[in-house]
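Under UniProt numbering, the residues of the sequence shown are numbered 1 to 330, in order.
C-beta: ideal position from N, C-alpha, C; glycine also.
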Amino acid sequence: MLRFTAERLVGMIVTMLLVSLMVFIIMELPPGDYADRYAFRKYSGTGVSVTASDIEAIRVELGLDKPMMLRYLDWIGGIVLRGDFGQAFAFETSVVKVIGDKVWLTLAILLSTLLVTYLVSIPIGILAAVRRGSAADYGLTVISYLGLALPNFLLALILLYFANKWFGADIGGLFSAEYADAPWSLGKAWDLVKHLWLPALVLAWSAVAYQIQTVRATMSDEINKLSVTAARARGVPETRLLLKYPARLAINPVVSTIGFDVNRIFSELPIVAVVLGLTELGELLLQAYLDLDMYVAGAILLLLTAVVVFMNFVSDILLAWLDPRIKLGA
(Lines of atoms letter the chains of each structure in order from A and count residues from 1; the text may use other names and numbers.)
(Lines give C-alpha, C1' and ligand atoms only; values in the text may rest on other atoms or scores of the structure.)
Protein backbone atom coordinates (compact mmCIF):
# COMPACT_ATOMS: atom_id res chain seq x y z
CA MET A 1 0.00 0.00 0.00
CA LEU A 2 2.88 2.35 0.81
CA ARG A 3 4.45 1.74 -2.61
CA PHE A 4 1.09 2.25 -4.30
CA THR A 5 0.61 5.57 -2.48
CA ALA A 6 4.14 6.74 -3.33
CA GLU A 7 3.63 5.95 -7.02
CA ARG A 8 0.37 7.88 -7.10
CA LEU A 9 1.98 10.79 -5.23
CA VAL A 10 4.83 11.03 -7.75
CA GLY A 11 2.29 10.85 -10.57
CA MET A 12 0.31 13.70 -8.98
CA ILE A 13 3.43 15.91 -8.75
CA VAL A 14 4.38 15.25 -12.38
CA THR A 15 0.81 15.92 -13.47
CA MET A 16 0.77 19.26 -11.64
CA LEU A 17 4.03 20.33 -13.29
CA LEU A 18 2.58 19.56 -16.72
CA VAL A 19 -0.67 21.28 -15.80
CA SER A 20 1.18 24.40 -14.64
CA LEU A 21 2.89 24.61 -18.03
CA MET A 22 -0.42 24.17 -19.84
CA VAL A 23 -2.04 26.84 -17.67
CA PHE A 24 0.77 29.28 -18.45
CA ILE A 25 0.44 28.59 -22.18
CA ILE A 26 -3.34 29.20 -21.94
CA MET A 27 -2.61 32.49 -20.18
CA GLU A 28 -0.45 33.48 -23.15
CA LEU A 29 -3.06 32.66 -25.81
CA PRO A 30 -5.16 35.88 -25.75
CA PRO A 31 -3.73 38.53 -28.09
CA GLY A 32 -1.87 41.34 -26.35
CA ASP A 33 -1.11 41.56 -22.64
CA TYR A 34 -1.84 43.73 -19.63
CA ALA A 35 0.45 46.48 -20.91
CA ASP A 36 -1.98 47.12 -23.78
CA ARG A 37 -4.95 47.11 -21.41
CA TYR A 38 -3.18 49.38 -18.92
CA ALA A 39 -2.31 51.94 -21.59
CA PHE A 40 -5.86 51.89 -22.95
CA ARG A 41 -7.42 52.46 -19.52
CA LYS A 42 -4.96 55.14 -18.47
CA TYR A 43 -4.99 57.26 -21.60
CA SER A 44 -8.38 56.52 -23.16
CA GLY A 45 -10.38 59.75 -23.54
CA THR A 46 -7.48 61.97 -22.44
CA GLY A 47 -6.41 62.95 -25.94
CA VAL A 48 -2.89 61.69 -25.25
CA SER A 49 -1.47 59.57 -28.03
CA VAL A 50 0.21 56.35 -26.96
CA THR A 51 3.08 55.05 -29.03
CA ALA A 52 4.40 51.54 -29.36
CA SER A 53 7.47 52.58 -27.36
CA ASP A 54 5.25 53.75 -24.49
CA ILE A 55 3.54 50.37 -24.37
CA GLU A 56 6.88 48.61 -24.55
CA ALA A 57 8.13 50.67 -21.59
CA ILE A 58 5.09 49.57 -19.58
CA ARG A 59 5.75 45.99 -20.64
CA VAL A 60 9.36 46.24 -19.41
CA GLU A 61 8.23 47.77 -16.11
CA LEU A 62 5.81 44.88 -15.52
CA GLY A 63 8.34 42.24 -16.57
CA LEU A 64 6.22 41.15 -19.54
CA ASP A 65 9.05 41.69 -22.03
CA LYS A 66 10.89 38.53 -20.97
CA PRO A 67 10.62 35.31 -23.05
CA MET A 68 7.65 33.14 -22.15
CA MET A 69 9.72 30.22 -20.86
CA LEU A 70 11.75 32.48 -18.56
CA ARG A 71 8.57 34.03 -17.17
CA TYR A 72 7.11 30.56 -16.62
CA LEU A 73 10.20 29.44 -14.67
CA ASP A 74 10.06 32.60 -12.53
CA TRP A 75 6.34 32.05 -11.91
CA ILE A 76 6.46 28.35 -11.02
CA GLY A 77 9.65 28.87 -8.99
CA GLY A 78 7.95 31.56 -6.92
CA ILE A 79 4.97 29.29 -6.28
CA VAL A 80 7.03 26.25 -5.26
CA LEU A 81 9.72 28.04 -3.24
CA ARG A 82 7.86 31.00 -1.70
CA GLY A 83 4.14 30.44 -2.24
CA ASP A 84 4.18 33.59 -4.39
CA PHE A 85 1.74 33.48 -7.32
CA GLY A 86 3.00 36.72 -8.85
CA GLN A 87 1.70 40.25 -9.19
CA ALA A 88 -1.96 41.13 -9.70
CA PHE A 89 -1.49 43.99 -12.15
CA ALA A 90 -5.06 45.33 -12.10
CA PHE A 91 -5.09 45.43 -8.27
CA GLU A 92 -1.50 46.63 -7.86
CA THR A 93 -0.80 44.05 -5.19
CA SER A 94 0.12 40.37 -4.91
CA VAL A 95 -2.11 37.62 -6.26
CA VAL A 96 -2.22 35.99 -2.82
CA LYS A 97 -3.85 39.10 -1.33
CA VAL A 98 -6.37 39.34 -4.19
CA ILE A 99 -7.61 35.76 -4.10
CA GLY A 100 -7.27 35.62 -0.29
CA ASP A 101 -10.42 34.40 1.44
CA LYS A 102 -12.10 33.51 -1.86
CA VAL A 103 -9.92 30.41 -2.15
CA TRP A 104 -10.97 29.09 1.26
CA LEU A 105 -14.63 29.98 0.71
CA THR A 106 -14.60 28.15 -2.62
CA LEU A 107 -13.02 25.10 -0.97
CA ALA A 108 -15.60 25.25 1.84
CA ILE A 109 -18.40 25.19 -0.74
CA LEU A 110 -16.71 22.31 -2.56
CA LEU A 111 -16.18 20.12 0.53
CA SER A 112 -19.68 20.73 1.88
CA THR A 113 -21.13 19.82 -1.53
CA LEU A 114 -19.14 16.58 -1.66
CA LEU A 115 -20.26 15.68 1.87
CA VAL A 116 -23.91 16.23 1.00
CA THR A 117 -23.51 14.29 -2.25
CA TYR A 118 -22.08 11.13 -0.72
CA LEU A 119 -23.85 11.17 2.65
CA VAL A 120 -27.19 11.29 0.80
CA SER A 121 -26.60 9.26 -2.36
CA ILE A 122 -24.77 6.21 -0.94
CA PRO A 123 -27.29 5.21 1.77
CA ILE A 124 -30.26 5.95 -0.49
CA GLY A 125 -28.72 4.00 -3.40
CA ILE A 126 -28.09 1.00 -1.13
CA LEU A 127 -31.63 1.19 0.23
CA ALA A 128 -33.10 1.34 -3.29
CA ALA A 129 -31.09 -1.75 -4.31
CA VAL A 130 -32.03 -3.76 -1.22
CA ARG A 131 -35.71 -2.91 -1.73
CA ARG A 132 -35.60 -3.18 -5.51
CA GLY A 133 -39.06 -3.15 -7.08
CA SER A 134 -40.74 -1.68 -3.98
CA ALA A 135 -42.66 1.59 -3.74
CA ALA A 136 -39.64 3.17 -2.05
CA ASP A 137 -37.42 2.10 -4.95
CA TYR A 138 -39.76 3.59 -7.56
CA GLY A 139 -40.16 6.79 -5.55
CA LEU A 140 -36.39 7.24 -5.21
CA THR A 141 -35.97 6.58 -8.93
CA VAL A 142 -38.47 9.31 -9.80
CA ILE A 143 -36.72 11.75 -7.46
CA SER A 144 -33.32 10.93 -8.96
CA TYR A 145 -34.57 11.49 -12.51
CA LEU A 146 -36.03 14.82 -11.39
CA GLY A 147 -32.59 15.72 -10.07
CA LEU A 148 -31.06 15.00 -13.46
CA ALA A 149 -33.71 17.04 -15.28
CA LEU A 150 -33.86 20.16 -13.07
CA PRO A 151 -30.85 22.50 -13.51
CA ASN A 152 -29.06 23.57 -10.35
CA PHE A 153 -29.48 27.29 -10.93
CA LEU A 154 -33.24 26.83 -11.36
CA LEU A 155 -33.40 24.93 -8.07
CA ALA A 156 -31.53 27.83 -6.45
CA LEU A 157 -34.09 30.31 -7.78
CA ILE A 158 -36.98 28.15 -6.53
CA LEU A 159 -35.47 27.87 -3.04
CA LEU A 160 -34.80 31.62 -2.90
CA TYR A 161 -38.38 32.37 -3.95
CA PHE A 162 -40.08 30.10 -1.43
CA ALA A 163 -37.73 31.07 1.40
CA ASN A 164 -38.58 34.71 0.85
CA LYS A 165 -42.32 34.15 0.27
CA TRP A 166 -42.96 31.72 3.15
CA PHE A 167 -40.42 32.84 5.73
CA GLY A 168 -39.53 36.35 4.60
CA ALA A 169 -35.89 35.30 4.77
CA ASP A 170 -32.98 36.09 2.51
CA ILE A 171 -30.96 32.88 2.36
CA GLY A 172 -28.45 34.04 -0.25
CA GLY A 173 -24.78 34.75 0.41
CA LEU A 174 -22.36 33.00 2.73
CA PHE A 175 -22.56 35.35 5.72
CA SER A 176 -25.13 37.28 7.70
CA ALA A 177 -25.02 41.07 7.41
CA GLU A 178 -23.16 41.52 10.71
CA TYR A 179 -20.39 39.12 9.67
CA ALA A 180 -20.00 40.02 5.97
CA ASP A 181 -17.13 42.48 6.49
CA ALA A 182 -16.07 41.42 9.99
CA PRO A 183 -12.66 39.83 10.67
CA TRP A 184 -12.51 36.07 11.07
CA SER A 185 -13.65 34.70 14.42
CA LEU A 186 -15.41 31.61 15.76
CA GLY A 187 -18.71 33.43 15.35
CA LYS A 188 -18.01 34.21 11.70
CA ALA A 189 -16.87 30.64 11.03
CA TRP A 190 -20.09 29.26 12.57
CA ASP A 191 -22.13 31.76 10.55
CA LEU A 192 -20.42 30.43 7.40
CA VAL A 193 -21.31 26.85 8.35
CA LYS A 194 -24.96 27.86 8.84
CA HIS A 195 -25.06 29.36 5.34
CA LEU A 196 -23.24 26.56 3.50
CA TRP A 197 -26.18 24.16 3.46
CA LEU A 198 -27.97 25.96 0.63
CA PRO A 199 -25.16 26.11 -1.97
CA ALA A 200 -24.14 22.57 -0.94
CA LEU A 201 -27.69 21.31 -1.51
CA VAL A 202 -28.06 23.12 -4.84
CA LEU A 203 -24.69 22.03 -6.23
CA ALA A 204 -25.12 18.45 -4.98
CA TRP A 205 -28.58 18.13 -6.53
CA SER A 206 -27.65 16.60 -9.89
CA ALA A 207 -24.68 14.63 -8.49
CA VAL A 208 -26.89 13.00 -5.85
CA ALA A 209 -29.37 11.96 -8.55
CA TYR A 210 -26.61 10.43 -10.69
CA GLN A 211 -24.84 8.67 -7.83
CA ILE A 212 -28.09 7.18 -6.47
CA GLN A 213 -28.58 5.43 -9.81
CA THR A 214 -24.94 4.33 -9.87
CA VAL A 215 -24.99 2.85 -6.35
CA ARG A 216 -28.38 1.24 -6.96
CA ALA A 217 -27.17 -0.50 -10.14
CA THR A 218 -23.83 -1.72 -8.75
CA MET A 219 -25.35 -2.76 -5.42
CA SER A 220 -28.01 -4.79 -7.24
CA ASP A 221 -25.26 -6.66 -9.13
CA GLU A 222 -23.19 -7.32 -6.00
CA ILE A 223 -26.15 -8.61 -3.95
CA ASN A 224 -26.73 -11.42 -6.44
CA LYS A 225 -23.14 -12.71 -6.41
CA LEU A 226 -22.37 -16.20 -5.06
CA SER A 227 -20.03 -14.85 -2.37
CA VAL A 228 -22.92 -12.92 -0.82
CA THR A 229 -25.20 -15.95 -1.00
CA ALA A 230 -22.50 -18.09 0.64
CA ALA A 231 -22.01 -15.55 3.44
CA ARG A 232 -25.76 -15.45 4.03
CA ALA A 233 -25.80 -19.27 4.18
CA ARG A 234 -23.07 -19.17 6.85
CA GLY A 235 -25.43 -17.13 9.01
CA VAL A 236 -23.72 -13.74 8.72
CA PRO A 237 -26.18 -11.06 10.01
CA GLU A 238 -27.87 -9.28 7.12
CA THR A 239 -26.76 -5.74 7.97
CA ARG A 240 -23.15 -6.79 8.50
CA LEU A 241 -23.26 -8.87 5.31
CA LEU A 242 -24.52 -5.97 3.21
CA LEU A 243 -21.96 -3.50 4.53
CA LYS A 244 -18.97 -5.86 4.44
CA TYR A 245 -19.44 -7.39 0.99
CA PRO A 246 -21.76 -5.83 -1.61
CA ALA A 247 -21.88 -2.27 -0.24
CA ARG A 248 -18.11 -1.96 0.00
CA LEU A 249 -17.66 -2.91 -3.64
CA ALA A 250 -20.79 -1.11 -4.84
CA ILE A 251 -19.38 2.30 -3.92
CA ASN A 252 -16.22 1.77 -6.00
CA PRO A 253 -17.71 3.59 -9.03
CA VAL A 254 -18.71 6.48 -6.75
CA VAL A 255 -15.23 6.77 -5.28
CA SER A 256 -13.64 6.60 -8.74
CA THR A 257 -15.66 9.63 -9.90
CA ILE A 258 -14.70 12.00 -7.06
CA GLY A 259 -12.47 13.97 -9.42
CA PHE A 260 -15.29 14.19 -11.96
CA ASP A 261 -17.68 15.48 -9.28
CA VAL A 262 -15.16 18.12 -8.21
CA ASN A 263 -14.76 19.28 -11.81
CA ARG A 264 -18.54 19.40 -12.24
CA ILE A 265 -18.94 21.49 -9.08
CA PHE A 266 -16.35 23.99 -10.28
CA SER A 267 -18.12 24.19 -13.66
CA GLU A 268 -21.56 24.83 -12.14
CA LEU A 269 -20.44 27.04 -9.25
CA PRO A 270 -20.12 30.38 -11.14
CA ILE A 271 -23.76 30.37 -12.29
CA VAL A 272 -25.07 29.21 -8.91
CA ALA A 273 -22.85 31.81 -7.21
CA VAL A 274 -24.47 34.60 -9.24
CA VAL A 275 -27.97 33.39 -8.30
CA LEU A 276 -27.18 32.96 -4.59
CA GLY A 277 -24.79 35.89 -4.24
CA LEU A 278 -21.84 33.75 -3.20
CA THR A 279 -18.22 34.81 -2.83
CA GLU A 280 -16.04 32.51 -4.93
CA LEU A 281 -13.29 32.49 -7.55
CA GLY A 282 -15.36 32.20 -10.74
CA GLU A 283 -16.24 35.88 -11.09
CA LEU A 284 -12.67 36.91 -10.30
CA LEU A 285 -11.35 34.47 -12.92
CA LEU A 286 -13.61 35.94 -15.60
CA GLN A 287 -12.61 39.50 -14.69
CA ALA A 288 -8.92 38.55 -14.75
CA TYR A 289 -9.33 37.17 -18.28
CA LEU A 290 -11.09 40.31 -19.44
CA ASP A 291 -8.33 42.45 -17.93
CA LEU A 292 -5.58 40.17 -19.27
CA ASP A 293 -4.34 39.98 -15.67
CA MET A 294 -2.52 36.76 -16.41
CA TYR A 295 -1.09 35.90 -12.99
CA VAL A 296 -4.47 36.18 -11.25
CA ALA A 297 -6.13 34.01 -13.90
CA GLY A 298 -3.24 31.54 -13.86
CA ALA A 299 -3.25 31.23 -10.07
CA ILE A 300 -6.98 30.52 -9.97
CA LEU A 301 -6.78 27.95 -12.78
CA LEU A 302 -3.78 26.27 -11.17
CA LEU A 303 -5.40 26.10 -7.73
CA LEU A 304 -8.67 24.71 -9.06
CA THR A 305 -6.81 22.14 -11.14
CA ALA A 306 -4.64 21.21 -8.17
CA VAL A 307 -7.80 20.45 -6.18
CA VAL A 308 -9.10 18.18 -8.98
CA VAL A 309 -5.75 16.36 -9.24
CA PHE A 310 -5.52 15.95 -5.46
CA MET A 311 -9.05 14.58 -5.24
CA ASN A 312 -8.19 12.06 -7.97
CA PHE A 313 -5.22 11.03 -5.82
CA VAL A 314 -7.54 10.62 -2.82
CA SER A 315 -9.90 8.62 -5.03
CA ASP A 316 -7.09 6.21 -6.00
CA ILE A 317 -6.10 5.68 -2.36
CA LEU A 318 -9.70 5.06 -1.29
CA LEU A 319 -10.21 2.59 -4.13
CA ALA A 320 -7.10 0.68 -3.09
CA TRP A 321 -8.39 0.52 0.48
CA LEU A 322 -11.87 -0.59 -0.57
CA ASP A 323 -10.72 -3.13 -3.14
CA PRO A 324 -7.44 -4.98 -2.32
CA ARG A 325 -7.24 -6.25 -5.93
CA ILE A 326 -6.16 -2.74 -7.00
CA LYS A 327 -3.13 -2.84 -4.68
CA LEU A 328 -2.09 -6.17 -6.17
CA GLY A 329 -2.32 -4.73 -9.67
CA ALA A 330 -5.39 -6.83 -10.58
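Asked                                                                                                         : Found
Counted within 10 angstroms of its Cβ, other Cβ atoms place ALA149 as buried (16 or more) or exposed          : exposed
Pair within 9 Å by beta-carbon distance, LEU302 and SER20                                                     : yes
Environment of PRO199 [buried if 16+ CB atoms lie within 10 Å]                                                : buried
Endpoints, alpha helix (DSSP H) assigned at GLU7                                                              : 2 to 28
Whole-angstrom distance between SER227 and LEU328, CA atom to CA atom                                         : A caution first: LEU328 carries a pLDDT of 48, below 50, which makes its placement in the model too unreliable to give a value.
contact_flag[the region 298 to 312, the region 132 to 152] where n(CB pairs < 8 Å) is 3 or more               : no
Candidates SER53, PRO30, ARG3 and LEU73, of which the one nearest LEU18 by Cα                                 : LEU73
Per-residue DSSP class, three states only, for THR93                                                          : strand
Rounded separation between TRP75 and ILE300 - CA only                                                         : 14 Å
Inter-residue CB distance, VAL275 and ALA156 (contact presumed, cutoff 8 Å)                                   : 4 Å
Proximity winner among LYS165, ASP191, SER185 and LEU186, relative to SER176 (alpha-carbon distances)         : ASP191
Nearest-angstrom Cα separation, counted from ASP316 out to LEU9                                               : 10 Å
Burial state of VAL98 (16 or more Cβ within 10 Å)                                                             : buried
Reduced DSSP category for ALA39 - H, G, I as helix; E, B as strand; rest coil                                 : helix
Proximity winner among PRO237, LEU62 and ASP221, relative to TYR38 (alpha-carbon distances)                   : LEU62
Of the residues GLY282, TRP166, PRO123 and THR257, the one placed nearest MET219, counting alpha carbons only : PRO123
Contact the region 248 to 265 vs the region 135 to 144: 3+ CB pairs below 8 Å                                 : no
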